[in-house]
Each structure stands twice: as structure tokens, then as C-alpha cells.
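Protein sequences, first through last, are from chains G and B. Be aware that the first sequence starts at 1, since it is given in my numbering, and climbs by one per residue. Be aware that the second sequence starts at 1001, since it is given in my numbering, and climbs by one per residue. For glycine and all other residues, C-beta sits at the position ideal for the given N, C-alpha and C. Comments concern the structure below.
Number of protein chains: 2
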Amino acid sequence: MKIGVMGHGPIVEKCLDAISKVSGSQAIAIYNRPVSAKEGEAIAKKFHLEKCYTDFEKFLKDDTIDTVYIALPNSLHYDYALKILNAGKNAIVEKPFTSTVKETEHLVQIAKEKRKFLFEAITTCHLPNMKALKEHMKEIGELSVVQTNFSQYSSRYDAFKNGETPNIFNPEFSGGALMDINVYNIHFIVGLFGEPESVSYFPKKAENGIDTSGIAILQYPNFACSAVAAKDSESKGFAYVQGKDGTLKINSHVSRCEELIITIGQTSKTINLQESDNHLVYEFESFTKVVNEQDYDTCYKWLEHTRSVMKVLEKARKFAGILFPADQQ
Amino acid sequence: MKIGVMGHGPIVEKCLDAISKVSGSQAIAIYNRPVSAKEGEAIAKKFHLEKCYTDFEKFLKDDTIDTVYIALPNSLHYDYALKILNAGKNAIVEKPFTSTVKETEHLVQIAKEKRKFLFEAITTCHLPNMKALKEHMKEIGELSVVQTNFSQYSSRYDAFKNGETPNIFNPEFSGGALMDINVYNIHFIVGLFGEPESVSYFPKKAENGIDTSGIAILQYPNFACSAVAAKDSESKGFAYVQGKDGTLKINSHVSRCEELIITIGQTSKTINLQESDNHLVYEFESFTKVVNEQDYDTCYKWLEHTRSVMKVLEKARKFAGILFPADQQ
């Protein structure tokens, strides 16, 4: 996979570090708008990228790039992914995949028509410890309650409280705690149990209508899950799955699933199958394998999962009256 | 306070042990139905109680008893509390206080008319660590999310799964996880923040309609709380209050509040103001002080809190379609 990246946030550097650790994958170019040229150049230099673009049309026409990684504000994911697929390249889109289910469905349709690969860049589903948890699910017996918490005080929350509106707290940019951070918990829950029967969302809302934290409830036929996320407060993250015969616990945010603790009766054991200090390595290993083996079935199966997650996010938003410009499209 | 107790479950023994540790309070009698005479006699012997009744009318007419502690199935709390108040005695009623708000309001009215003391026997509100948490609330800044979990696998759940219907899993007896165990979380939350704006409840229901576990959501004007409780699975209990500047954590079920951890930024400190190994001691100290000082104001203030909790329980039940015979009264 020959990758061109779009964007210049911390996630771009983390991603380039991950790509450098995955064999069969190589980052060769970066694109940023002229206003962010310096940031792009600095990243290109740090990660020894061959090319540094500020002209999107030229970036798009670079035939040495087969796959584009899109790390732009949430509201731009759809437009750029569409342009990239239409230009005949594969697209890797940062979470949250798009603003709406409709946008997701359209991108999937185009990817299939063009026979291109399309991925959501989300750590959770590709982590070995998450897969281990899935395999041990049966041991805890009939499910009772599931709780997750991913709360990370945003570096931009103080500015927001002081009257600025960073993208991540802006409905115009499809921001908010649900889209930005609860999306991990929802990937975790939907990854384990599929699409829920119903979704409710109880957010803390700022004056501009955006959610800075909140509790989402995903109901399944015989149990309920709570997904808590906050960008306005900090916590030790966790995921807790309670069954009749025992519990499964992730002792960190589910974006990392650092450690899995299985407790049956009085006995606990800890599993950790992850060696890398960069938890993005696992998703890029997955993408690289799928692309290099031309495994469209797996790619489209993952997109079905992404669509289920998008449906939960959209139901949660609508339950709580959080609307984006993309909802009017 | 000269106390007569009704019932013979484990909570009665725990309560008698607590009373024996509180100065100004003394248990002198026990009442049980003739069918449970042996259990009553064994407890009377163990705790050196002067009298052991199986005739309720005689028990009621015993003038040496001024206060009756009612540890009967939930659905019987109201009827017996009413009889006891009408007989001119104070009543201490095990949680959940009654089956409905209407029953609570009627008992409160009668207690006031008769100028008697009426208490809900609930540990949470009277624990020193809970009071400490309340005092430290301001330090964590603007509230974001609150989570509690109290899950204790019921010794009667296996029998229930095998087709029996113990009182605690029987709607006829006002049973279920919400009434029996989530009531602690709700006392905790209402104790901190008062009555919520709205209440939702997402239970796991058995075939007879009773909730064996569930997630209650209490919404306040600018934040939400989740109260998780299960009798069909086990967990390490906790309460987690997240604010803009820090977190408050109870590292046990809120019925005990064993330890309070305050984290502001990178700094944590642990507080434990509770020395007794019997956490029921604190509520009986409170009741004894109020009765011996004839402090009706405090008693009625606590009853207002109990009424708020009952309103939450009733709203939660109705949200989830859990109905008791008492709802028809």
C-alpha cells in the first residue's frame, strides 16, 4: 500500500509512525491546504515522506499513491472520500466515518462500483485484546449489563469555555463528544453484539447545542449497554461486561484495550496480546493485509459494521436533538 | 430508643448487631409469624432479646417498645408501618421504603398527624464517607457525568432461574433489582443532586416481568447520571463523579461507601471516616440521636428525601413497564 495522508494533527503523526512499523505499507506523500503548508512540511521532513502537496488536484493525480488516509475535520470526511474514490484510489477515513448514515451508504456504494477499498480508521475493532474479549464472551454466561467509559479532557475545552469554537465543539463540523470519542465505545459494543434494538442519548450540551459529554444507552433484546464519554472531564477509561457467571473487564479506554481481565467466580486472569506501544499499528496491519490480498469481502464486512455504528450515532444524535448541516442534505 | 424488630432475614441480624453498638438504643423484642417462630427464637437467643412474639396484636400492644424496625418483604412495608404508627409507635422501614409514592405520602402524613418518628433504613445517606463526598463536591468543578454500579449476584437467582419465584424476584412482593439494590444508587444520586428532571430505566426483564438488572438514567439540567444494578451478575461496585477539574470515586458499593478517592489533576487523596465494620451502625446512630433529641425537623427532612427517591423509583418502573399490585390501589 502506497499511502498519501491528508491533515496535520497529532493523529497524522501517530498514524505515520504506525505505517512505518507495518511491512507492506509505506507513506509517501502528505497533503495540506496552503494555510497549513508549514505543518505539512515539518511532518514530511520528520517522517521522510517523498512528497509534500498543497495543491489537492495534483495530490489526487499522483499515480504513485494508491491509498489516501483522511484525517480532516469530521464534516469533510464524506466530500474528500468521495473525491478520492472517484479518482480511483482507496480511502482510509478517520473516525467518525461520516456525518450521517446516508453519506456512509453513498461512499460504500461508490467504493463497490469503483472496486476500491474503503476503511474506517478506528483502533478498537482491530486490537488483538478486543478479539480476545470476543472469544471469551461465552465464558461469562448470559449477559446482564455492559458499561463503558472513555473520558478525556480536551485540550480545546478551555478555549471553548472562553468563547472560541474549535471544530471539535462545533456542530458545523460534525463535532461533539458522541462523534469524537463515544464512537469508540459504540464500536466496541456494536462489535460485540451487533446493531441494538434501540438507542437513547443523554448528553451535557453547551449553548451552541454540541454535546461535551454524555451517556448513550444501547438496548438489546435482553440486556442494555451504557456508553459514557466526555471531553469536558477526565476519567480512567474502562469497559465492563457482566454476565451470569463472570465478568470481562478492559482496564483502559476501549480505543486501546490495554488489558483484558477475565473473572469467573473467585478466579481472575489477565490477558494482553498487544506488544506495540502504538495501538494504531493493528488497524494498519489489517488494512494492509486486506489490500495486498485484494480481500474485498472482509473490507465490505467491516463497512457493514461501520454502517451499523453510524446508525447508532445518528439515532443517538436525533434522540438528543443534536443536528448537523449534513442532516439537511 | 427501645426497639422491636419484625422479620428474620440476614439484615435483621446485621441490624441487631448495629443497635447493640449504638448507645441510647436497645433492641428488646422480635416478632415473626408463627410459621417462622423458630427463626425468631434463635435470633432472640443470639442477641439476648427479652421478648419473642408470634402474635402481632400482642407485639403491637407492648408498651415497652417505642420503635419498630420493619424488615419484611417490600410489599408489606406500607401496611405494617401504618399499623405501627397508628398504634402510637415510631417506625423504621427497610429500603425500599414502600411500593409507591402514594403509600410513602400517606405514611408521612400519618406520622406527622400522630407526631411519631418515621425513618427509611438506608445506609447510604448516613455514612460519614458519603457526607465527606458531598463536602468535596465543589472541588471537582462543573459536573459532567456520574456513574454508579451496585451488582450483587443474588443467592436466590439460581432458584428463580429454576422456576421458583422468591419474593425478591416477584412483582407481587414489589421485588426486582431496581427496588432492592438500585435504590442505593438512587439514594446516592438524589442525596447529592436532589430530584432529577427526568428518569429513564433500561432493565433486563425476566418472563414474569421483573427486572433482574438494569440501567437507570437520572437527568439533571446540565448533566446525567447512570445507576446500574444487578442481582443476576456480580461486579466490583463503584460510584464515579466526573467534574471539569477532577473526579470523586467511591471504591465500593454505595451501600457501604468504603473509601472516597478525590483526584484533582494528577493528585489523588483517599479519605475514610468509617471505622465500624458494620455499616448499619451509622444509620442507627442517626435515628437514635433524632429520636432522643425529639428532632422532628430532621426526621421530616429525611422523609422528603425518601419521597424524592420513591418518585424516581416509580418513574423508572413506569418508564420500563414494571407494575406492582400496589400501583392499582
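- Scanning chain G for C-beta atoms nearer than 8 Å to the C-beta of Gly-1214/B yields Val-145 and Ala-224, reported in chain order.
- Taking a C-beta cut-off of 7 Å against chain G, the contacting residues of the stretch 1242-1255 of chain B are Gln-1242, Gly-1243, Lys-1244 and Thr-1247, listed in chain order.
- When secondary structure is reduced to three states using DSSP, Ala-206/G falls in the coil class, being assigned neither helix nor strand.
- Scanning chain G for C-beta atoms nearer than 8 Å to the C-beta of Asp-1232/B yields Glu-142, Ser-144 and Lys-244, reported in chain order.
- For Gln-1219/B, the residues of chain G that pass the 8 Å Cβ criterion are Phe-202, in the order they occur in the chain.
- Here DSSP, grouped into helix, strand and coil, assigns Glu-1120/B to strand.
- Non-local beta-carbon contacts of Leu-1143/B in its own chain, meaning distances under 6 Å to residues more than five positions away in sequence, involve Phe-1223 and Gly-1243 in chain order.
- Inclusion of Ala-206/G and Asn-182/G in the CB contact set at 7 Å is not warranted, their separation being larger than that value.
- Cys-1125/B sits close to His-1187/B, with the two beta carbons spaced by under 7 Å.
- For Tyr-1184/B, no beta strand (DSSP E) segment is defined; the enclosing uninterrupted segment is the alpha helix (DSSP H) at 1183-1193.
- Of all alpha-carbon atoms in Thr-1148/B, Val-1146/B and Thr-1165/B, the one lying nearest the alpha-carbon of Ser-1155/B is that of Thr-1165/B.
- Its chain contains Pro-96, Leu-178, Met-179, Val-183 and Ile-186 as the residues whose beta carbon lies nearer than 7 Å to that of Leu-313/G, once the 5 sequence neighbours on both sides are disregarded; these appear in chain order.
- With contacts defined as CB atoms closer than 7 Å, Ile-1271/B and Leu-1280/B fail to qualify as a contacting pair.
- Residue ranges of uninterrupted alpha helix (DSSP H) with 4 or more members, entirely inside the stretch 1121-1147 of chain B and ordered along the chain, are 1128-1136.
- In this structure, Val-1291/B and Ser-151/G do not form a Cβ contact; the two beta carbons are roughly 44 Å apart against a cut-off of 8 Å.
- Asp-1062/B counts as buried, since at least 16 other C-beta atoms from the protein chains shown sit within 10 angstroms of its C-beta.
- In this structure, the CA atom of Gly-1237/B is about 5 Å from the CA atom of Ser-1252/B.
- Around the beta carbon of Ser-99/G, a 10 Å sphere encloses 16 or more other beta carbons of the protein chains shown; the residue is thus reported as buried.
- Bounds of the alpha helix (DSSP H) holding Asn-86/G are 77-86.
- Per DSSP, Leu-1273/B lies in no beta strand (DSSP E) and is assigned neither H nor E.
- Across the stretch 1148-1162 of chain B, CB contacts with chain G closer than 9 Å involve Asn-1149, Ser-1151, Tyr-1153, Tyr-1157 and Lys-1161, in sequence order along the chain.
- Counting along the chain, the unbroken beta strand (DSSP E) around Glu-94/G starts and ends at 90-94.
- Here DSSP, grouped into helix, strand and coil, assigns Tyr-1153/B to coil.
- Contact of Ser-1268/B with chain G is not assigned, every C-beta pair being separated by 7 Å or more.
- Residue pairing by DSSP places Leu-1218/B opposite Val-1199/B and Cys-1225/B in a beta bridge.
- Pairwise C-beta distances place the stretch 192-210 of chain G in contact with the stretch 303-323 of chain G, as three or more of them are shorter than 8 Å.
- Looking at the backbone, the Cα of Thr-123/G and that of Glu-283/G are separated by about 6 Å.
- Cβ-Cβ separation between Leu-1118/B and Ala-1091/B: approximately 5 Å, consistent with a contact (criterion under 8 Å).
- For Met-310/G, the enclosing alpha helix (DSSP H) starts and ends at 296-320.
- Taking 7 Å as the CB threshold, Val-1228/B lines the interface with chain G.
- Within chain B, Asn-1149 and Ser-1235 have C-beta atoms less than 8 Å from the C-beta of Tyr-240/G, given in sequence order.
- Only buried fits Lys-1089/B, as 16 or more other CB atoms lie within 10 angstroms of its CB.
- Taking the Cα of Gly-214/G as reference, the smallest distance to any Cα among Thr-288/G, Arg-33/G and Ile-322/G is reached at Ile-322/G.
- In the structure shown, Ala-230/G falls within a strand segment according to DSSP collapsed to helix, strand and coil.
- Note on Asn-129/G: 16 or more other CB atoms within 10 angstroms of its CB, so buried under the neighbour-count rule.
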